[in-house]
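If you count by our numbering, then the sequence shown holds residues 118 to 485, one letter each, in order.
Ideal Cβ positions, reconstructed from N, Cα and C, are used throughout, including at glycine.
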Amino acid sequence: MNAAETTHPGRLAPALESWRFEPFFGYAVGKMQSETSDYLVIGAGVAGLALAGDLRKTGAKVICVDKGRVVGGRCATRTLATGSLCDYGTQYFTAKSDRLTRWAQAWINEPDSTLRIWNRGYPTWERGEIKEREPGHPRYAPTTGMQSIAERLAQGTDVRVSTTITALAKDGDKWVATGHAHPGETPVSFTAKNLCLTLPAEQLLRLAGTFLSDSWRSQIESVTYDPAWTVIAVLENDIPFDHTAIEFKNHPVLGWLSRDHTKRDFRHPEPVIVAHGSGAWSRVHIEDWKDSVQAAILAAVEGLGGQRLAVREAHTHRWRYAAPTQTTGEPFLSDKAQGLHICGDGCGGIRLENAIATGWLLAEGIKG
Ligand SMILES: Cc1cc2nc3c(=O)[nH]c(=O)nc-3n(C[C@H](O)[C@H](O)[C@H](O)COP(=O)(O)OP(=O)(O)OC[C@H]3O[C@@H](n4cnc5c(N)ncnc54)[C@H](O)[C@@H]3O)c2cc1C
């Protein structure tokens, strides 16, 4: 058994066969692991996975790394104490492009498919009133949680989770990315002719800023995001709304509220809500303690229906970069001579489907 399997049983990440962990004062200390590939994709969010999957299909050797314990980035699902699942990042996805529509349809048509049309739109809350909207295009969500979208995109790709890249260097025409893997802060080094960066803009600038041309740097510097504080709450009783979700306009605290259990099947009937603070509120409170954020968001939810929430379990998560409000203006950046490529929602814009599209489009751009 290899290191990744030891840490994450059943994870799809093909592990580093040659990793060895040696006991050291009770901790696992690994030897430096060096690997070479044609492409190194940093970030196994949906953009990085879409890109890596298509590059792999050309026969190239592709390695995708992510600092998270699982793939998906902002496409994130949590297992609650009772075993219920809850999406605390992306809530659903839309599919307007032909390719993503076909991809979603193929999944839905599978026997025992886990992908469902969750709703065809949701009402908005404005000035104390909930306004219904005409049903529109499908909003998809898997019963197994949004993270399973990332797992599906990752199938067949060599993904190394729990691997953080902290430095980049150039060695001739090759990129060398170094960092560490968990457990044990094991040093890692990846060498590749092509480096693909799929991180939110600020993280990308910190890691790779010195390697960017002036024009690329100013494009990436222009990318801005709204943050989001998210609260998950498992309730004794459901909230008094029939809707699967509500989007808030100009609410002093809230940006979004969903009854997450309406995405699940009968095995997980307990009421679970997910509430996001609005971008404006989350920005003001971004450095606040989780406890006070949780109290403020839950009080705002109680204020909607005038009903006290009986909370059995609650969690709070801070997303510093939730949704882009300004993008680079191009679906990807690619310099084949330098072997440097960039995609992700900072290029494509708000919505999961745009992030996926940037990965697929960049792969086409690299091949073409
Ligand atoms: C609260 C919230 C709600 C949302 N709701 C919706 C919605 O309902 N519908 C919708 O369409 N979209 C929604 N979105 C937006 C959607 O989630 C994103 O657009 C999309 O997931 C972005 O994917 P990505 O691959 O570009 O970036 P990410 O998912 O951020 O992937 C980047 C990855 O890079 C990794 N990484 C960063 N630094 C390093 C490093 N140094 N070394 C290794 N790995 C690193 C990160 O761990 C991460 O996994 C929401 C987002 C949030 C946060």
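Is the closest heavy atom of ligand 1 to the C-beta of Thr303 under 7 Å? no
Under the three-state DSSP convention, the category Lys407 falls into: helix
What are the boundary residues of the beta strand (DSSP E) that includes Asp288? Thr280 to Asp288
Host alpha helix (DSSP H) of Val276 (start-end): Where Val276 is concerned, there is no enclosing alpha helix (DSSP H), although the beta strand (DSSP E) it sits in stretches over Asp275 to Arg277.
Given His434, which residues of its chain have a CB within under 7 Å of its CB, disregarding the five upstream and five downstream residues? Tyr205 and Thr347
With DSSP as the reference, label Cys313 as helix, strand or coil. strand
Is any heavy atom in ligand 1 found nearer than 7 Å to the beta carbon of Trp436? yes
With three or more beta-carbon pairs closer than 8 Å as the criterion, would you say the region 228-236 touches the region 284-293? no
Residue from Leu352, Ser279, Ser154 and Gly289 with nearest C-alpha to Ala392: Leu352
Could you tell me whether the region 305-318 touches the region 154-164, where touching means 3 or more Cβ pairs closer than 8 Å? yes
Nearest-angstrom beta carbon gap, Val182 and Thr280 [assumed within contact, 8 Å]: 4 Å
Locate the beta strand (DSSP E) running through Ala480, then write down its first and last residues. No beta strand (DSSP E) contains Ala480, which is instead part of the alpha helix (DSSP H) from Leu469 to Lys484.
Glu122 versus Leu157 - alpha carbon distance: At Glu122 the pLDDT is 30, less than 50, meaning the model places this residue with poor confidence; the figure from the coordinates comes in the next sentence. In a straight line, the C-alpha of Glu122 is about 21 Å away from that of Leu157.
Contact check, Tyr114 vs Ile363, beta carbons under 8 Å: Shown here, the chain extends from 118 to 485; a query on residue 114 therefore has no answer.
Between Pro255 and Arg237, how many whole angstroms is the CB-CB distance? I'm expecting something under 8 Å. 6 Å
Using a 10 Å radius around the Cβ and a threshold of 16 neighbouring Cβ atoms, would you call Trp477 buried or exposed? buried
Could you please give the first and the last residue of the uninterrupted beta strand (DSSP E) stretch that includes Cys181? Val179 to Val182
Straight-line CA distance for Gly290 to Gly394? Looking at the sequence provided, one finds Asp at residue 290 rather than Gly. Going by the C-alpha atoms only, they are around 45 Å apart.
Name the DSSP bridge partner or partners of Val348? Ala392 and Thr433
Just verifying my parser: in three-state terms, what is the DSSP assignment at Ala298? strand
Buried or exposed: Ser451, going by 16 or more other Cβ atoms within 10 Å of its Cβ? buried
Assign Ile266 to one of three DSSP states: helix, strand, or coil. helix
Three-state secondary structure (DSSP) of Tyr144: Per-residue confidence for Tyr144 stands at a pLDDT of 35, beneath the threshold of 50, marking its modelled position as unreliable; the derived number appears in the next sentence. Reduced to three states, the DSSP call for Tyr144 is strand.
If you draw a straight line from the C-alpha of Gly245 to the C-alpha of Leu421, how long is it? 8 Å
Spell out whether any CB of chain C is found under 8 Å from the CB atom of Val391. No chain C appears in the structure shown, which is made up of a single protein chain.
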